[in-house]
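*Asks:* Shown below is the structure under consideration.
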Amino acid sequence: MVQTKIGVIGGSGLYEMPGLQNAKWGTMDSPWGAPSDQLLSGVMDGVPMVFLPRHGRGHVHSPSSVPYRANIDVLKRLGVTDVISVSACGSFHEEMAPGDFVIVDQFIDRTFAREKSFFGTGCVAHVSVAHPVCARLSAACATAAEAAGITVHRGGTYLAMEGPQFSTRSESVMYRNVWQADVIGMTNMPEAKLAREAELCYASVAMITDYDSWHPDHGSVDLAEIIRILTGNAQKGQTLVGSLPDLLGVQRSTCPDGCDHALEGAILTAPDK
Ligand code: ADE
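To convert, note that position 265 of the sequence shown is 994 in our numbering; the numbers rise steadily by one, no gaps.
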């Protein structure tokens, strides 16, 4: 059996974690540099939990400058078993409306200016990300969202763009019509890939804030509107996260999807090198 420890990476609009008992902010460092901010550790319903604001309190890291490797590294060192990524996204479907949540199950990674792996010169590894999220953890997030009365879409393809600018209309139309992405955001990659390399279960809870720029009736993406939707959704996100300890349990068996042994057979470098 494995002792559950939940790590929450909070996105825009989720900078705190009320309801955490004995909560304390603490500084940590990693061989990959400093994480986005201090980490808030505590306990919820008997399950240890750690919260890390992805952009830092005060929103100081852009999507390209978030220290993704350091963030995943410190969660791993703290003994986190299950990582919940909470983030904002735009929608490519009329019926996936602002205010709805999507439990993402696939990605198209179009980011290009970020460090994407813990491996490289000295130790080479190729992990599979064919199924980039943990199905068990994602199902728990969907159940938690439904219990919180949130309109939730189980499954969806998230296009990760570099940003920081939003997409042009032509890009948006192509992502929607040709590539068939469901939502778009700037932060879930390389986070999901790094979580897999770190053998952590990872689920992505994406909160829809806008229709990106393909929608004929909605014009350009408006940051003020995104913030308005996020502020309205923060409570829902917190309620969702608050029911996860109960759903996941204090102890659990190893991951049925194999997230916790993703490196088996993935390392090419000889052990004596
Ligand atoms: N985050 C929230 N809305 C977004 C959009 N339309 N494109 C990229 N990232 C987003």
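Backbone N, C-alpha and C fix where the C-beta goes; we use that ideal spot for every residue, glycine too.
Note that the coordinates shown come from a computational prediction; the quantities given were computed from them, not determined experimentally.
From D811 to H944, what does the alpha carbon distance come to, in whole angstroms?
*Replies:* Their backbone Cα atoms lie some 35 Å apart in a straight line.
*Asks:* Which residues in the same chain have their Cβ closer than 8 Å to the Cβ of Q967, if we skip the five residues on either side of it in sequence?
*Replies:* So the list reads L743, M746, P747, G748, once near-sequence residues are dropped.
*Asks:* Measuring CB to CB, does Y887 end up less than 9 Å from C818?
*Replies:* Cβ atoms of Y887 and C818: closer than 9 Å.
*Asks:* Tell me whether T733 counts as near ligand 1, meaning its Cβ is closer than 8 Å to at least one heavy atom of that ligand.
*Replies:* For ligand 1, not one heavy atom lies less than 8 Å from the Cβ of T733.
*Asks:* Return the CA-CA distance between E875 and M757, expressed in angstroms with no decimal places.
*Replies:* Cα-Cα distance, rounded: 34 Å.
*Asks:* Check whether the Cβ of D774 sits closer than 8 Å to any heavy atom of ligand 1, and report yes or no.
*Replies:* No - ligand 1 has no heavy atom lying nearer than 8 Å to the Cβ of D774.
*Asks:* Can you tell me the Cα-Cα spacing of H784 and P985, whole angstroms?
*Replies:* Whole-angstrom Cα-Cα distance: 31 Å.
*Asks:* Is any non-hydrogen atom of ligand 1 found closer than 8 Å to the C-beta of D941, if you look at the structure I gave you?
*Replies:* True, at least one ligand heavy atom lies under 8 Å from that Cβ.
*Asks:* Helix, strand or coil for P792, going by three-state DSSP, please let me know.
*Replies:* Coil.
*Asks:* Hey, out of G739, I735, C870, L969, whose CA is closest to N917's CA?
*Replies:* Comparing Cα-Cα distances from N917 to each of G739, I735, C870, L969, the minimum goes to G739.
*Asks:* Give me the Cα-Cα distance between P764 and K922, rounded to the nearest whole angstrom.
*Replies:* Each residue's alpha carbon lies about 17 Å from the other.
*Asks:* Going by CA-CA distance only, name the one from L973, D802, A991 that's closest to A862.
*Replies:* Here the sequence assigns Val to residue 862, which means Ala is not the residue at that position. Comparing Cα positions, the closest option is A991.
*Asks:* Which partner residues does K734 have in the DSSP bridge list?
*Replies:* Looking at the DSSP assignment, K734 forms no beta bridge with any residue, so it has no partner.
*Asks:* Check T692 in the structure and name its three-state DSSP category.
*Replies:* Past the boundaries of the shown model lies residue 692; the chain is included only from 730 to 1002, so the question cannot be answered.
*Asks:* For a quick check, are the C-beta atoms of D911 and V858 less than 9 Å apart?
*Replies:* No, Cβ-Cβ distance for D911 and V858 is not below 9 Å.
*Asks:* Measuring alpha carbon to alpha carbon, tell me which residue in G787, G771, I958 is nearest F780.
*Replies:* When each option's Cα is compared against that of F780, the closest is G771.
*Asks:* From which residue to which residue does the alpha helix (DSSP H) around A868 run?
*Replies:* First-last of the alpha helix (DSSP H) with A868: 864-876.
*Asks:* Can you tell me the Cβ-Cβ gap for A873 and L973, rounded? I've got them flagged as a contact below 8 Å.
*Replies:* At roughly 6 Å, the Cβ-Cβ gap stays under 8 Å, so A873 and L973 are in contact.
*Asks:* Decide if the stretch 884-903 is in contact with the stretch 789-796; the criterion is three or more beta carbon pairs, one per stretch, under 8 Å apart.
*Replies:* The stretch 884-903 vs the stretch 789-796: in contact.
*Asks:* Which first and last residues belong to the beta strand (DSSP E) in which R883 is found?
*Replies:* R883 -> beta strand (DSSP E) spans 881-883.
*Asks:* Among I879, L768, Y940, whose alpha-carbon lies nearest the alpha-carbon of Q964?
*Replies:* Among I879, L768, Y940, the Cα nearest to that of Q964 belongs to I879.
*Asks:* Tell me the DSSP secondary structure of T968 in three-state form.
*Replies:* Here T968 sits in helix by DSSP.
*Asks:* May I have the straight-line CA-CA distance separating Q719 from A889, to the nearest angstrom?
*Replies:* Here the chain has residues from 730 to 1002 only, and residue 719 is not among them.
*Asks:* Determine the DSSP secondary structure at K753, reduced to helix, strand or coil.
*Replies:* If DSSP states are grouped into helix, strand and coil, K753 belongs with the strands.
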